[in-house]
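Scroll down for the structure; my scribbles are underneath it.
Number of protein chains: 2
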Amino acid sequence: MPKNKQIHLDNRPVGEAVASNFKLVVSDTPALQDGEVLVRHQFLSLDPYMRGRMNDGKSYAQPQPLGQTMIGGTVGEVIDSRNVKFSAGDKVVGMGGWQEYSVVDGDQVGALRKVDTSHVPLSAYLGAVGMPGVTAWYGLVKIIAPKVGETMVVSAATGAVGSAFAALSKARGCRTVGIAGGPEKCRYAVEELGFDACVDYKLHPDAVSLSKALKEACPAGIDGYFENVGGMVLDAVLSRMNAFGRIAVCGMIAGYNGKPVPLTYPALILMNRLKIEGFIVSEHMEVWPEALKELGTLVATGALRARESVAQGIEAAPEAFLGLLKGKNFGKQLVKLHG
Amino acid sequence: MPKNKQIHLDNRPVGEAVASNFKLVVSDTPALQDGEVLVRHQFLSLDPYMRGRMNDGKSYAQPQPLGQTMIGGTVGEVIDSRNVKFSAGDKVVGMGGWQEYSVVDGDQVGALRKVDTSHVPLSAYLGAVGMPGVTAWYGLVKIIAPKVGETMVVSAATGAVGSAFAALSKARGCRTVGIAGGPEKCRYAVEELGFDACVDYKLHPDAVSLSKALKEACPAGIDGYFENVGGMVLDAVLSRMNAFGRIAVCGMIAGYNGKPVPLTYPALILMNRLKIEGFIVSEHMEVWPEALKELGTLVATGALRARESVAQGIEAAPEAFLGLLKGKNFGKQLVKLHG
């Protein structure tokens, strides 16, 4: 059996997460028991939700245990199987964690899913046709419920969720505006991802300034907002929401590290009769088949071409993850573990 | 025709509203035209929403014009009519404004409604069986949608909305907890209004302290919250919301005067997958008949006995209104205009 490099959570962050919270461990891959499958990971997905798991306190999910392999989505290839449902060579999606190999109980419902790579690249099952894509779908379709001609806005626009959001929103006939950091990301959002406009939040020192830029990009106001970041961006968007606007809250990166970031003017919720709803996509498994079908079609037809940011080797995972929390990634953040 | 004392909005508040924003004006009551009705007001309703109308900026409703009679709900008696639908002696509810008499076009839909005072006192049509009651009903039934055994919380618990909320929530089998200011109001909430417990926010210097008191009053957490005040109270309640909790936002008194009051920890919306929705009851006229029917029954059977705070004479309206904004009223704030 191959040697397996893993990244464990060694200690919990005090304030900002740092590289020394993680620890590289090399172990032997255990021999397979009946029903088990050995997966050789090709890609690991890095996602903001992992930061929440690193805390011990009350959060929206179970904390990541100390001294164990970090949780994370993976795609890879079955290289050994003692389960009739899986054979060597199968391409699979699972929650293999921050490691090069995983041993999975192939009979556990939802633990391992075979995927078709004839029209969709394997890595896309961690992004556009995976959890981030379904996240965008749920927030847009189930919470925001857009109408043709409305204006939709998403923050972290060039990330995996934002990219999928753009394709889904354009497919519904909405003006679709992104918020991203830097001219390169904003240009990419418009030229490659199909956004009608993209606002560079880094050009704006405060919410008032960003709000003015949003007014230009959204001349008819904002009807739906998909929230990935929180903080100043949320304040600015709130000031431009139309009456009866809907906000799907999926991420608040600005609040994960250290102290909570306040929302400046909550009375706008009343003034504009807004609906704001937080959600976690893994609690809505019933929508996955419908969402994945639409997302798979968008990818296969080229309507959704999401960019990837790929770190090389498991050792690079912690730095890539810390960069993701600071918005340094450009597109879906992956770690390549095997060719 | 009788002389008519009116309160006009003379100038707009800069920061906190003050008595000199208002001006007493005495005018003649105009002669009735065909279709018009002359109403002698018995009570004027004072409500927090009026503060929002005093501003000129973007708010959730049209600003109150300067130099005109302040908007407001009234109940009274028809004393003269040139409309076949109304006769002298009819008891009516309308939006007569801050004045002793009003001349109303009896044909305008919704302008004037005849009411039955055989089981429900006339003033109740401004409170429990009027706009505040329907407000409580809409927030509880349509936004929070409580389940038997859940815990419901309302701020400004002894006000007109809070009183109705308690009766409606108890009728649905929920633990019902109020938040009010001072021991007298809290005792009244439990002994007279049917709350299971009431937390005195004035005993708590900050949201952390108030949150601890809420934990005692709500040992199973909070599933539904009806927001009337904002500020520290909202922060404290948010910290005790259960997963999938719902918050109906009806008022943010703390934000009307002067500067916006921030919400400290918006990431809780995500962590607990909360739904927060602002509403204005006048935009949901379709629910009024159903709501008024339930509220009328609760009042007629004695299950809802809301307290009133009655100021005497139109001259007393500005001070009573400013007191309401500071929580000085105890129960539904009315102004008695005629016996």
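Top line first, the protein sequences correspond to chains D and A.
Note that this note's numbering has the first sequence beginning at 284, numbered continuously upward.
Note that this note's numbering has the second sequence beginning at 284, numbered continuously upward.
Quick reminder that beta carbons are idealized off the backbone N, C-alpha and C, glycines included.
- Task: Quick one: grab the DSSP three-state call for A:I426.
- Result: helix
- Message: Residues of chain D with CB closer than 8 Å to the CB of A:V512, please, in chain order.
- Response: Those within 8 Å of A:V512 in chain D number zero; the least Cβ separation is about 11 Å.
- Residue interval of the alpha helix (DSSP H) (run including A:V491): A490 to A500
- Mind listing which residues of the region 545 to 564 of chain D have their C-beta closer than 9 Å to chain A's C-betas, in chain order? P545, L546, T547, Y548, P549, A550, L551, I552, L553, M554, N555, R556, L557, K558, I559, E560, G561, F562 and I563
- Query: How do the region 390 to 398 of chain A and the region 553 to 563 of chain A stand: do at least 3 beta-carbon pairs fall below 8 Å, yes or no?
  - Reply: no
- Query: When we look at the beta-carbon of A:V301 and count the other beta-carbons within 10 Å, is it buried (16 or more) or exposed?
  - Reply: exposed
- Query: Exposed or buried, D:P601, counting other C-beta atoms within 10 Å across all chains shown (16 or more means buried)?
  - Reply: It counts as buried.
- For the region 412 to 433 of chain D, which residues have a CB atom closer than 7 Å to at least one CB atom of chain A, in sequence order? none
- Query: For D:G377 versus D:V322, is the C-beta distance shorter than 8 Å?
  - Reply: yes
- Task: Within 10 angstroms of the Cβ of D:L486, are there 16 or more other Cβ atoms? Answer buried if so, exposed if not.
- Result: Residue environment for D:L486: exposed (fewer than 16 other C-beta atoms within 10 angstroms of its C-beta).
- Item | the region 442 to 449 of chain D / the region 348 to 363 of chain D touching (three or more Cβ pairs under 8 Å) | no
- chain B residues whose Cβ lies nearer than 9 Å to that of D:M535: Here the protein chains are D and A, and chain B is not one of them.
- Message: Would A:A519 and A:L551 be called neighbours here (beta carbons separated by less than 8 Å)?
- Response: no
- Query: Roughly how many angstroms lie between the CA atoms of D:P331 and D:F478, to the nearest whole one?
  - Reply: 23 Å
- Query: When the cut-off is 8 Å and only beta carbons count, does D:P543 lie next to chain A?
  - Reply: Yes, contact with chain A.
- Message: So if I threshold CB-CB distances at 7 Å, which residues from the region 294 to 313 of chain A count as touching chain D?
- Response: none
- Hey, could you find the ends of the beta strand (DSSP E) D:L629 is sitting in? With chain D represented from 284 up to 622, any question about residue 629 of chain D goes unanswered, as that position is not in the structure.
- Query: Would you say D:V460 and D:T434 are within 8 Å of each other, going by their C-beta atoms?
  - Reply: Cβ distance < 8 Å, so D:V460 and D:T434 count as in contact.
- Task: Starting from D:A594, follow its DSSP beta bridges and name the residues at the other end.
- Result: D:V618
- Do you know how far the Cα of A:V403 is from the Cα of D:A574? Note on geometry: alpha-carbon atoms of D:A574 and A:V403 lie some 53 Å from one another.
- Item | Beta-carbon neighbours of A:V437, restricted to chain D and to distances below 8 Å | Correct list: empty, because the minimum Cβ distance to chain D is about 15 Å.
- Anyone know if the C-beta pair for A:V424 and A:Y408 falls short of 8 Å? no
- Coil, strand or helix - A:R336 by DSSP: helix
- Any idea what DSSP makes of A:M568, helix, strand or coil? helix
- Bounding residues of the alpha helix (DSSP H) (the contiguous stretch that carries D:K468): P466 to E474
- Query: Do you know offhand how far D:D506's Cα is from D:L517's?
  - Reply: 14 Å
- Express the C-alpha separation of D:P346 and D:G456 in angstroms, rounding to a whole number. 40 Å
- Item | Collapsed DSSP secondary structure at D:A480 in the structure displayed | strand
- Item | Neighbourhood of D:S438 by C-beta, 6 Å cutoff - its chain only, sequence neighbours within 5 removed | Around D:S438, the same chain offers I462, N511, V512 and V516 as residues with beta carbons nearer than 6 Å, after the five sequence neighbours per side are excluded.
- Query: Got a sec, what are the start and stop residues for the beta strand (DSSP E) A:A603 sits in?
  - Reply: Counted as a single uninterrupted DSSP element, the stretch harbouring A:A603 is not any beta strand (DSSP E) but the alpha helix (DSSP H) occupying residues A600 to L608.
- Name the one or two DSSP bridge partners that D:N287 has. Per DSSP, D:S310.
- Would you say D:V532 reaches chain A, if we count a Cβ-Cβ gap shorter than 8 Å as a contact? yes
- So D:M414 is in the alpha helix (DSSP H); what residue range does that whole segment cover? M414 to W420
- Task: Determine the DSSP secondary structure at D:A439, reduced to helix, strand or coil.
- Result: coil
- Message: Could you tell me the alpha carbon to alpha carbon distance between A:H621 and A:Y508, rounded to whole angstroms?
- Response: 37 Å
- Item | Separation of D:E299 from D:A586, as counted between CA atoms | If you take the alpha carbons of D:A586 and D:E299, they lie about 37 Å apart.
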